[in-house]
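Engineer: One structure follows; several queries about it will come next.
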Amino acid sequence: GRVARGRVNAQRIADERGKNVRSGPRSGNLDGRSRARISGLPGGKYVVTLERTYGNQQKPSRLEVELEAGRVRELRFDVP
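Going letter by letter, the sequence shown gives residues 1 to 80 in this note's numbering.
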């Protein structure tokens, strides 16, 4: 199949203690195996938005997920 081009943004919505925070989105990459990866993130809860474009598709497919990042400084997840 064709490799999707894509980008991923993580918006932090809460810190480790669950306190609401507003911070600018951090962006990361999708690799060829549809894994998203964003490094250097503080712990907390994130809304992650994925946009992928296949071949000559006009509009990117969007996917939004809520993720909890613990002590680990990197979000990695498989894109369905």
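We put the CB at the ideal spot given by N, CA and C, even for glycine.
Given the structure is predicted, the values throughout are model-derived calculations rather than measurements.
Measuring alpha carbon to alpha carbon, tell me which residue in R26, K19 and Q57 is nearest V8.
Structural biologist: Checking every option, the nearest Cα to that of V8 belongs to R26.
Engineer: Nearest CA to the CA of R62: which residue from K19, L50 and N29?
Structural biologist: With distances taken between Cα atoms, R62 lies closest to L50.
Engineer: Look up E16 in the DSSP assignment and say whether it is helix, strand or coil.
Structural biologist: The answer is coil: DSSP assigns E16 none of H, G, I, E or B.
Engineer: Where does Y54 sit, in a helix, a strand or coil, going by DSSP?
Structural biologist: Note: Y54 maps to coil in three-state DSSP.
Engineer: Report the partner residues of K45 according to the DSSP bridge assignment.
Structural biologist: The partner list for K45 (beta bridge, DSSP) reads A14 and E68.
Engineer: First and last residue of the beta strand (DSSP E) that includes G28?
Structural biologist: Run containing G28: R26 to L30, per the beta strand (DSSP E) assignment.
Engineer: So, helix, strand or coil for V8, using DSSP?
Structural biologist: Three-state result, V8: strand.
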